[in-house]
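K.L.:
Below you'll find the structure I mean.
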Amino acid sequence: MKSCLGGILCYNARGCSKRWRRLYSHFNLDIILELTPVAISWRNHIPAMINIQNNISLREYTTFRVGGPARFFACVKSVDELKEAVAWAKGQRGSDGDALQIFVLGGGSNIVVSDAGFGGLVIKNEIPGMEFSDETAGIVMATVGAGENWDSFVAKSVELGLSGIENLSFIPGTVGGGAVQNIGAYGVEVQGAVDSVEVLDVARNEIVDFAAADCGFEYRDSMFKKNPGEFILTRIHFNLKKFDPAYAAVNVSYRDLKEYFSKIPEKSAAPESITPADVREAVIDIRKRKLPDWTKLGTAGSFFKNPVITEAKFVELKAAYPDLPSFPAGKATSEVVQGFVKVPLAWILDNVCGYRGKIHSGAIGVYQNQALVIVNDYLSAGNEADKAAGTAEQIKSLAAEMAQSVREKTGIDIAPEVQYIG
Ligand code: EPU
Numbered sequence: 014m015k016s017c018l019g020g021i022l023c024y025n026a027r028g029c030s031k032r033w034r035r036l037y038s039h040f041n042l043d044i045i046l047e048l049t050p051v052a053i054s055w056r057n058h059i060p061a062m063i064n065i066q067n068n069i070s071l072r073e074y075t076t077f078r079v080g081g082p083a084r085f086f087a088c089v090k091s092v093d094e095l096k097e098a099v100a101w102a103k104g105q106r107g108s109d110g111d112a113l114q115i116f117v118l119g120g121g122s123n124i125v126v127s128d129a130g131f132g133g134l135v136i137k138n139e140i141p142g143m144e145f146s147d148e149t150a151g152i153v154m155a156t157v158g159a160g161e162n163w164d165s166f167v168a169k170s171v172e173l174g175l176s177g178i179e180n181l182s183f184i185p186g187t188v189g190g191g192a193v194q195n196i197g198a199y200g201v202e203v204q205g206a207v208d209s210v211e212v213l214d215v216a217r218n219e220i221v222d223f224a225a226a227d228c229g230f231e232y233r234d235s236m237f238k239k240n241p242g243e244f245i246l247t248r249i250h251f252n253l254k255k256f257d258p259a260y261a262a263v264n265v266s267y268r269d270l271k272e273y274f275s276k277i278p279e280k281s282a283a284p285e286s287i288t289p290a291d292v293r294e295a296v297i298d299i300r301k302r303k304l305p306d307w308t309k310l311g312t313a314g315s316f317f318k319n320p321v322i323t324e325a326k327f328v329e330l331k332a333a334y335p336d337l338p339s340f341p342a343g344k345a346t347s348e349v350v351q352g353f354v355k356v357p358l359a360w361i362l363d364n365v366c367g368y369r370g371k372i373h374s375g376a377i378g379v380y381q382n383q384a385l386v387i388v389n390d391y392l393s394a395g396n397e398a399d400k401a402a403g404t405a406e407q408i409k410s411l412a413a414e415m416a417q418s419v420r421e422k423t424g425i426d427i428a429p430e431v432q433y434i435g
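Written as structure tokens, this is what we have:
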């Protein structure tokens, strides 16, 4: 018997006949026969029960729209369900005889799932909840379930007149995924608004809190991303500022935002009148123009991280490419690290390597408006998605070709921003 809830594994016992049909279509038959009588006898005693499905295609769960199946798949909507899923996985073995691997899926917006799929348990984190505290000295604490949609949270906070995350508008994915990757855009990173993160410590199957300072946040990184499988995010506490000149100003320092507001005379004449709602509107407008609509074109946004190079290397490149821009290179967006700068890889891929708009193979290519974005034009054969869709292998091969071109032309080694799964 697999271990879970005191040694007995239970599945969702609500709607029994439907459940049986679903079990037969998704489960290994021997597991079903072993477990369902037990589940039924426990139906009145178990508050949270999970449904582990078998062989579920991950393609539709990702914005890239590539990838094979998950061997096991479970959606969890509460901490108890998450604990059950983890406990279940601990009682299983992978096909290599080792512990069954767990991958936690959020919105699937920053991953490339291999064509062979994932041989472990995919836990789709759908833990809900969005609560805003009363204001104290201009600060409102928002407590948000890791499974909530990131942009719904941003929209709600802007609607409530709060500031801090409006520059991170219109980013696909979940709140948990946003914290794991320390998402950033238009001069702001999520770490600036995080107060603390509540996680499930997988080894101990216990809930633990980490203050933001202990989360190892860096550019598109955190200790949760570095150590996958150790901690699973359940809830995040954010400190947001009441938008009021006494407490908070919006951040419109990023070039695209400066340009946007410079074209609106009443805002450029009175920058203090720019509200979080104005910034959200601007960011949505800019993102719609520059980045692909992920509901129509498969993508994971920026495919690579912007590289950090030495100032000496930058001077050398600047001699060859006088227009090459640069940014501060610190762990937070605006932090300066002496001797180093961050360079926009999109600029290099576009102006030095000529990748913007380049078609690679089948449906896979580089987006026409942003050279850092690989796209899968899965609808290109008139909705015949399967016929037109690209593969994870094609994406990997294009990414390898781009990395080699950057190395040959600039001597810079680049690293993916997306995570490869399976
Ligand atoms: N540029 C080009 N050619 C291009 C695209 C951009 O020359 O095809 C130039 C731009 O003119 C600009 C510079 O490259 O001078 C930087 O471009 P952009 O402002 O679009 O930013 P980025 O560095 O390419 C980063 C994030 C994006 C985020 C934007 C805006 C990373 C890896 N990417 O892109 O995040 O939206 O800044 O802040 O840091 C994501 O993570 O998925 C993502 C989209």
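Numbering (this note's numbering), first residue to last: 14 to 435.
Cβ atoms here follow ideal geometry from the backbone N, Cα and C, with glycine treated the same way.
Fair warning: this is a prediction, and the values are worked out from it, not measured in the lab.
(1) Kindly indicate which three-state DSSP category P289 falls into: helix, strand or coil?
(2) From R84, V328 and R72, pick the residue whose C-alpha is nearest to that of V356; which is it?
(3) Just mark Y433 as buried or exposed, buried being the case when its beta carbon has 16 or more other beta carbons within 10 Å.
(4) Note the first and the last residue of the continuous alpha helix (DSSP H) segment covering M143.
(5) Comparing alpha-carbon positions, which option in D164, A100, S339 and P305 lies nearest R217?
(6) Quick one: give me the first and last residue of the alpha helix (DSSP H) that M415 is part of.
(7) Could you compute how far the alpha carbon of T149 sits from the alpha carbon of E179?
(8) Is it true that the segment 307-322 meets the segment 67-83, where meeting means three or more beta-carbon pairs spaced less than 8 Å apart?
(9) Would you mind reading off the limits of the beta strand (DSSP E) that contains G314?
(10) Which residue marks the beginning of the alpha helix (DSSP H) containing P278, and which one marks its end?
(11) Is R302 a contact residue of the ligand EPU, with contact defined as CB to any heavy atom under 6 Å?
(12) Going by DSSP, name the residue or residues bridged to V117.
(13) Measuring straight from C-alpha to C-alpha, what distance separates Y391 and Q204?
(14) Just the Cα atoms here: how many angstroms apart are K96 and P429?
(15) Mapping DSSP to helix, strand and coil, what is N364?
(16) Taking Cβ positions only, does I220 come closer than 7 Å to chain B?
(17) Just verifying my parser: in three-state terms, what is the DSSP assignment at E211?
(18) Using 8 Å as the cut-off, can you tell me whether the segment 264-284 makes contact with the segment 230-242, which would need three or more C-beta pairs spanning the two stretches below that distance?
(19) Assuming V431 contacts F316 under a Cβ cut-off of 8 Å, what Cβ separation, rounded to an integer in Å, is found between them?
(20) Taking 7 Å as the cut-off, decide whether the C-beta atoms of S170 and K254 are in contact.
(21) Report yes if the C-beta distance between S209 and A226 is below 7 Å; otherwise report no.
(22) Taking C-alpha atoms, which residue in L134, K422 and T247 lies nearest to G435?
(23) For a quick check, are the C-beta atoms of F86 and Q66 less than 7 Å apart?
(24) Are there any heavy atoms of the ligand EPU lying less than 6 Å away from the beta-carbon of P258, as far as the coordinates show?
(25) Could you say if the segment 160-168 and the segment 185-196 meet the contact criterion of at least three C-beta pairs nearer than 8 Å?
(26) Going by the beta-carbon positions, is the gap between N382 and K303 smaller than 7 Å?
(27) Nearest CA to the CA of V153: which residue from F251, K90, I63 and G424?
(28) So, helix, strand or coil for E430, using DSSP?
(29) By Cβ distance, which residues of its chain are closer than 7 Å to Y199, with the 5 residues on each side in sequence left out?
P.N.:
Reading off the structure:
(1) Helix, per DSSP.
(2) The residue among R84, V328 and R72 with its C-alpha nearest the C-alpha of V356 is V328.
(3) Exposed, by the Cβ-count rule.
(4) Premise fails: M143 lies in the beta strand (DSSP E), M143 to F145, not in any alpha helix (DSSP H).
(5) That would be A100, whose Cα lies nearest to the Cα of R217.
(6) Where M415 is concerned, the enclosing alpha helix (DSSP H) stretches over A405 to T423.
(7) If I take the Cα positions, the gap works out to 20 Å.
(8) The segment 67-83 and the segment 307-322 touch, with three or more beta-carbon pairs separated by less than 8 Å.
(9) Per DSSP, the continuous beta strand (DSSP E) segment holding G314 begins and ends at G311 to S315.
(10) For P278, the enclosing alpha helix (DSSP H) covers residues P278 to A282.
(11) Because no heavy atom of the ligand EPU lies under 6 Å away, the Cβ of R302 does not count as near it: no.
(12) Checking the DSSP bridge columns, you'll see V117 partnered with I136.
(13) So the two alpha carbons sit approximately 34 Å from each other.
(14) Each residue's alpha carbon lies about 31 Å from the other.
(15) Secondary structure of N364 (DSSP, three-state): helix.
(16) In summary, chain B is missing from the structure at hand, where a single protein chain is found.
(17) In this structure, E211 counts as strand in the three-state DSSP scheme.
(18) Taking a contact to require three or more Cβ pairs closer than 8 Å, the segment 264-284 and the segment 230-242 do not qualify as touching.
(19) The beta-carbon separation of V431 and F316, rounded to 6 Å, stays under the 8 Å limit for a contact.
(20) Remark: C-beta atoms of S170 and K254 do not approach each other more closely than 7 Å.
(21) The answer is no: Cβ separation not under 7 Å.
(22) Nearest C-alpha to G435: L134.
(23) Going by beta carbons, F86 and Q66 fall inside the 7 Å limit.
(24) P258: no, Cβ never under 6 Å from the ligand EPU.
(25) Segments in contact, yes.
(26) The answer is yes: Cβ separation under 7 Å.
(27) Taking each of F251, K90, I63 and G424 in turn and checking the Cα distance to V153, the smallest one comes out for F251.
(28) Judged by DSSP in its simplified three-state form, E430 adopts coil rather than helix or strand.
(29) Hits under 7 Å: N180, Y267, D269, L270 and V296.
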